[in-house]
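Student: Residue numbers for the sequence shown follow this note's numbering, so the first one is 5 and each next one is one higher.
Sharing a structure below in structure tokens format, with a few things to ask.
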Amino acid sequence: MGKQFIKIAAVYFALSALLSVIIDVSGDYSLSSVQSHIHLLGWTALGMIGLIYVAFPALSVTVLARVHFWLHNIGLPVLVLAIVAKKYGVPDIGVLIIMGWVLLAAGVVLFMVNVWDRLR
């Protein structure tokens, strides 16, 4: 799973960089928090987790690692798209923001459990 985490982190890095350019060129900084979430939770967090899984392969072959991957990569897009929708005035979008955070948090907890359980 380590390589998959690193590959998807690279996708989030590209999205973050592209959004940074769009924000800067347009002069509209209202989506800066979206760019920050993509950069930190996508590129940085998933890249670091991928490197940990490459360094400690026993961690990467678990069901916990697979489930974490999917929770994180469903939760993050839900979260950032819901934040964008909220910024553009879509009503009643808060539940999707909460769902995105819950999915992300669940994935992070699974990662922590995986590390604490398997890393000896």
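No residue lacks a Cβ here, since even glycine has one placed at the ideal position from N, Cα and C.
Between the stretch 24-33 and the stretch 68-83, can you find at least three pairs of beta-carbon atoms closer than 8 Å?
Tutor: Taking 8 Å as the limit for Cβ pairs, the verdict is that the stretch 24-33 does not touch the stretch 68-83.
Student: Please report how far the alpha carbon of P95 lies from the alpha carbon of V117, in whole angstroms.
Tutor: Working through the sequence shown from its first residue, we reach residue 95 at position 91. Working through the sequence shown from its first residue, we reach residue 117 at position 113. Roughly 36 Å between the two C-alpha positions.
Student: Within the continuous alpha helix (DSSP H) that includes V99, where are the two ends?
Tutor: Start at 1 with the first residue of the sequence shown, and residue 99 comes out as number 95. Element bounds for V99: 98-122.
Student: How many Å lie between A14 and L55 at the Cα?
Tutor: The residue labelled residue 14 in the question sits at position 10 within the sequence shown. The residue labelled residue 55 in the question sits at position 51 within the sequence shown. Rounded to whole angstroms, A14 to L55 spans 12 Å at the Cα level.
Student: In its own chain, which residues sit with a C-beta less than 7 Å from the C-beta of A86, not counting the 5 before and 5 after it?
Tutor: Position 82 of the sequence shown, counting from 1, holds the residue named residue 86. I97, L100, I101, G104.
Student: Taking the C-alpha atoms as reference points, what is the distance between G46 and F73?
Tutor: On the sequence shown, position 42 is the one that residue 46 refers to. On the sequence shown, position 69 is the one that residue 73 refers to. Roughly 11 Å between the two C-alpha positions.
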